[in-house]
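There are 2 protein chains.
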Amino acid sequence: MSKKPLILVTNDDGITAPGIRALIEVMNEIGDVVVVAPDSPQSSMGHAITINSTLFVEKVTVDKGKLEEYSCSGTPADCVKLAVKQILKRRPDLCVSGVNHGSNSSINVIYSGTMSAALEAGIEGIPAIGFSLLDYNWNANFEHSKPFIKTIVENALKNGIPNGVVLNVNIPNLKKKEIKGIKVCRQAKANWEEEFDKRKNPQGRDYYWLTGTFVNLDKGEDTDEWALSEGYISVVPVQFDLTAHHAIQHLNSWKLND
Amino acid sequence: MSKKPLILVTNDDGITAPGIRALIEVMNEIGDVVVVAPDSPQSSMGHAITINSTLFVEKVTVDKGKLEEYSCSGTPADCVKLAVKQILKRRPDLCVSGVNHGSNSSINVIYSGTMSAALEAGIEGIPAIGFSLLDYNWNANFEHSKPFIKTIVENALKNGIPNGVVLNVNIPNLKKKEIKGIKVCRQAKANWEEEFDKRKNPQGRDYYWLTGTFVNLDKGEDTDEWALSEGYISVVPVQFDLTAHHAIQHLNSWKLND
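Protein sequence lines, in the order shown, are assigned to chains A and B.
For the first sequence, the positions run 1041 to 1298 when the working numbering is used.
For the second sequence, the positions run 1041 to 1298 when the working numbering is used.
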């Protein structure tokens, strides 16, 4: 009998979120599961880490079963670091993050706590996948996503994810039979048109809420936005080496040392 | 007489940090300066943004002169969004972030608040540069960096930074005459070997401090780490489209739709 893979599960919506519960359920069918996730919501934390403050970790029982679960006071990236260096007895074979309540397609990957956890695992050399469902509601229905998540994870364990690459998976908010399939994509060149909602607090001081509209002018049929709008699940390989190699030649033409 | 460029200055060490004061001094020689920076230190905040909390902005006077300054309760990325959408009367010609107290070379770019501010400006379509000095001390000496910062900014304004690219500049902690020059580089494939310092609080509960050692096994002479170790200033072009295009073909060989 072959040894089961060790799977680290984390997220950014907090350890009790329905999204991570759905992901744990699928992972329990595939491997030995250890959960290390934030004790409170950490959405839009980007790749923040905790260096000027302390971290607390508690062993907890949220779901019954063979899995181990730990609740952590830090960010999603902190959870992965703590899991790998402090909690797990051996290196995990895979790290999965999510299922996020809401999209992390296109430029959202850069703000995403879900994806920063996956990227942190990637930086540690651990194959990693972030999953997001295009439904921001706490009571989003994750049932339709489950068979697709299983397929993607089984493929990743079988084929291996290339070094330096992490997968960003977004799932349209559709019924299982309405989902057309899984497409490998590039990140669409879309972004947020921010608006600030200006208000006065009871003491008369101005303050702002950040709001915005997502604008996609990139109509490429090889993009995640296109795939999602057509009813496909998008899989974007993302990298954490941010070097823009194509720009090096242009910069070498500058007069920097005259 | 040509119109002076409008330069947005921000950082992650907070609006009163000596590093941003040095950067402002250089920018005052080049353009019209508006400062929008965090009211407190925001190191290692990555690309965090504030969506579940309110933002406060105060007009302040830290340095005398023609510049305008605003102190903001948010993250570095929030500061840039607020500046562009709420505070500035026209689009800035350049955004500079820093000078950070400490290195943002190699993988550190992904955790860096300094660089996330620059990347946020890049996402907004504004040419942007992050500067960091390899000295973590609050009283670091930024004098030797100033002429090099001026050269890089003048080149950026004259030649333009390619679309989708932001510059990550790191400066060795050396005297001006010891700095050998400015080198365009790729990001070294180095990372942190984390260790957690485990302690007990007065109530007997375990907690952790994140610590670690920076490990660079990438000896390439085209890397930022090599340049810095040899006494050069490193300039790495970084991108915010994270797609790992080279991995798409491999992923297309997976059996995702069987």
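Backbone N, C-alpha and C fix where the C-beta goes; we use that ideal spot for every residue, glycine too.
Keep in mind it's a predicted model, so treat the numbers as computed, not measured.
Of the listed residues the options, nearest to residue i (C-alpha basis)
i: serine 1293 of chain B; options: A/Ala1161, A/Asp1118 and A/Gly1200; result: A/Gly1200
i: methionine 1155 of chain B; options: B/Asp1053, B/Ile1288, B/Gln1289 and B/Gly1271; result: B/Asp1053
i: serine 1093 of chain B; options: A/Thr1283, A/Asp1237, A/Ser1145 and A/Thr1191; result: A/Asp1237
i: tyrosine 1110 of chain B; options: B/Ile1060, B/Val1206, B/Ala1161 and B/Val1097; result: B/Val1097
i: leucine 1296 of chain B; options: A/Arg1061, A/Ile1219, A/Lys1295 and A/Asp1246; result: A/Ile1219
i: lysine 1048 of chain A; options: A/Ser1084, A/Gly1114 and A/Gly1138; result: Residue 1048 of chain A is actually leucine in this sequence, not lysine. For leucine 1048 of chain A, the nearest C-alpha among the options comes from A/Gly1138.
i: serine 1084 of chain B; options: B/Asn1148, B/Arg1226, B/Phe1182 and B/Asn1241; result: B/Asn1148
i: leucine 1197 of chain A; options: A/Phe1182, A/Asp1133 and A/Thr1283; result: A/Asp1133
i: glycine 1105 of chain B; options: B/Asp1072, B/Thr1115 and B/Val1120; result: B/Asp1072
i: asparagine 1213 of chain A; options: A/Gly1204, A/Tyr1272 and A/His1286; result: A/Tyr1272
i: alanine 1161 of chain A; options: A/Cys1225, A/Ile1189 and A/Lys1121; result: A/Lys1121
i: aspartate 1103 of chain B; options: B/Tyr1176, B/Asp1175 and B/Ile1055; result: B/Ile1055
i: alanine 1168 of chain A; options: A/Glu1194, A/Tyr1176 and A/His1290; result: A/Glu1194
i: serine 1146 of chain A; options: A/Thr1283, A/Glu1164, A/Thr1101 and A/Val1209; result: A/Val1209
i: threonine 1101 of chain A; options: A/Asp1079, A/Trp1178, A/Ser1185 and A/Gly1260; result: A/Asp1079
i: glutamate 1024 of chain B; options: B/Ile1150, B/Gln1279 and B/Gly1059; result: What is shown of chain B runs 1041 to 1298, which leaves residue 1024 of chain B out entirely.
i: asparagine 1256 of chain B; options: B/Asp1298, B/Asn1231 and B/Lys1217; result: B/Asn1231
i: aspartate 1264 of chain A; options: A/Pro1187, A/Lys1099 and A/Val1224; result: A/Val1224
i: isoleucine 1166 of chain B; options: B/Asn1181, B/Val1206, B/Glu1233 and B/Ala1287; result: B/Val1206
i: arginine 1245 of chain B; options: A/Lys1099, A/Glu1233 and A/Gly1260; result: A/Lys1099
i: aspartate 1258 of chain A; options: A/Ile1211, A/Ser1185, A/Lys1229 and A/His1141; result: A/Lys1229
i: glutamine 1126 of chain A; options: B/Asn1140, B/Ala1157 and B/Trp1249; result: B/Trp1249
i: tyrosine 1140 of chain A; options: A/Thr1191, A/Val1074 and A/Ile1211; result: Per the sequence presented here, residue 1140 of chain A reads as asparagine, with tyrosine not at that position. Looking at the Cα atoms, A/Ile1211 is the closest of the given residues.
i: leucine 1291 of chain A; options: B/Ile1060, B/Ala1157, B/Ile1192 and B/Asn1177; result: B/Ile1192
Cross-chain neighbours of residue i in chain B, by beta carbon under 7 Å
i: threonine 1191 of chain A; result: Leu1296
i: lysine 1125 of chain A; result: Glu1234, Glu1235 and Phe1236
Distance, residue j Cα to residue i Cα
i: lysine 1043 of chain A; j: arginine 1131 of chain A; result: 14 Å
i: serine 1143 of chain B; j: isoleucine 1222 of chain B; result: 16 Å
i: threonine 1251 of chain B; j: glutamate 1235 of chain B; result: 5 Å
i: cysteine 1135 of chain A; j: alanine 1123 of chain A; result: 10 Å
i: aspartate 1281 of chain B; j: threonine 1050 of chain A; result: 24 Å
i: methionine 1041 of chain B; j: glutamate 1069 of chain B; result: Only weak support is given to the placement of methionine 1041 of chain B: the predicted model assigns it a pLDDT of 45, under 50, and the question is left unresolved by the model.
i: glutamine 1243 of chain A; j: threonine 1090 of chain B; result: 22 Å
i: glutamate 1108 of chain A; j: threonine 1253 of chain B; result: 29 Å
i: lysine 1129 of chain A; j: valine 1076 of chain A; result: 13 Å
i: glycine 1170 of chain B; j: serine 1274 of chain B; result: 11 Å
i: glutamate 1065 of chain B; j: glutamate 1183 of chain B; result: 10 Å
i: methionine 1067 of chain B; j: isoleucine 1189 of chain A; result: 50 Å
i: proline 1202 of chain B; j: serine 1172 of chain B; result: 21 Å
i: serine 1113 of chain B; j: lysine 1217 of chain A; result: 46 Å
i: alanine 1284 of chain B; j: histidine 1286 of chain A; result: 14 Å
i: proline 1045 of chain B; j: isoleucine 1060 of chain B; result: 19 Å
Partner residues on chain B for residue i, Cβ-Cβ distance less than 8 Å
i: aspartate 1053 of chain A; result: Residues of chain B passing the Cβ test: none, with the nearest at roughly 12 Å.
i: phenylalanine 1182 of chain A; result: In chain order: nothing, as chain B lies at least about 19 Å away.
i: glutamine 1243 of chain A; result: Ordered by position in chain B, no residue passes the 8 Å Cβ test against glutamine 1243 of chain A, which lies about 11 Å from the chain.
i: serine 1083 of chain A; result: Ile1091 and Asn1092
i: aspartate 1118 of chain A; result: Leu1250
i: serine 1269 of chain A; result: Simply none; closest approach about 18 Å.
i: alanine 1099 of chain A; result: Reading off the sequence, residue 1099 of chain A comes out as lysine, not alanine. Those do not exist, as lysine 1099 of chain A stays about 11 Å from chain B at its closest Cβ, beyond 8 Å.
i: asparagine 1195 of chain A; result: Trp1294, Lys1295 and Leu1296
Per-residue contacts from residue i into chain A (C-beta, under 7 Å)
i: tryptophan 1249 of chain B; result: Thr1094
i: glutamine 1279 of chain B; result: Leu1282 and Ala1284
i: valine 1276 of chain B; result: Thr1283
i: isoleucine 1064 of chain B; result: Simply none; closest approach about 22 Å.
i: proline 1202 of chain B; result: Ala1287 and His1290
i: glutamine 1156 of chain B; result: First, the residue type needs correcting, since residue 1156 of chain B is serine and not glutamine in the sequence shown. Those are Gly1086, listed as they occur along chain A.
i: tyrosine 1176 of chain B; result: Chain A residues near tyrosine 1176 of chain B: none, gap ~11 Å exceeds 7 Å.
9 Å Cβ cut-off: residues of chain B touching residue i
i: asparagine 1292 of chain A; result: Val1224
i: histidine 1141 of chain A; result: Correct list: empty, because the minimum Cβ distance to chain B is about 13 Å.
i: lysine 1121 of chain A; result: Trp1232, Glu1234, Phe1236, Leu1250 and Gly1252
Beta-ladder partner(s) of residue i, from DSSP
i: tyrosine 1110 of chain B; result: B/Val1076 and B/Lys1099
i: histidine 1141 of chain B; result: B/Leu1173
i: proline 1277 of chain A; result: A/Leu1207
i: leucine 1134 of chain B; result: B/Ile1047
i: alanine 1284 of chain A; result: Looking at the DSSP assignment, alanine 1284 of chain A forms no beta bridge with any residue, so it has no partner.
i: lysine 1238 of chain A; result: A/Tyr1248
i: glutamate 1233 of chain A; result: A/Thr1253
i: valine 1193 of chain A; result: DSSP, once it has assigned bridges, lists no residue as partnering valine 1193 of chain A.
Residue j beta carbon less than 8 Å from that of residue i
i: alanine 1088 of chain B; j: alanine 1117 of chain B; result: yes
i: tyrosine 1247 of chain B; j: leucine 1095 of chain A; result: yes
i: valine 1276 of chain B; j: arginine 1239 of chain B; result: no
i: alanine 1180 of chain A; j: proline 1058 of chain A; result: yes
i: leucine 1174 of chain A; j: leucine 1268 of chain A; result: yes
Residue i: contacting residues in chain A (beta-carbon distance under 9 Å)
i: glycine 1170 of chain B; result: Chain A residues near glycine 1170 of chain B: none, gap ~12 Å exceeds 9 Å.
i: isoleucine 1070 of chain B; result: Simply none; closest approach about 16 Å.
i: isoleucine 1047 of chain B; result: The contacting residues do not exist; isoleucine 1047 of chain B stays about 18 Å from chain A at best.
i: asparagine 1199 of chain B; result: His1290, Leu1291, Ser1293, Trp1294 and Lys1295
i: glycine 1221 of chain B; result: Leu1296 and Asn1297
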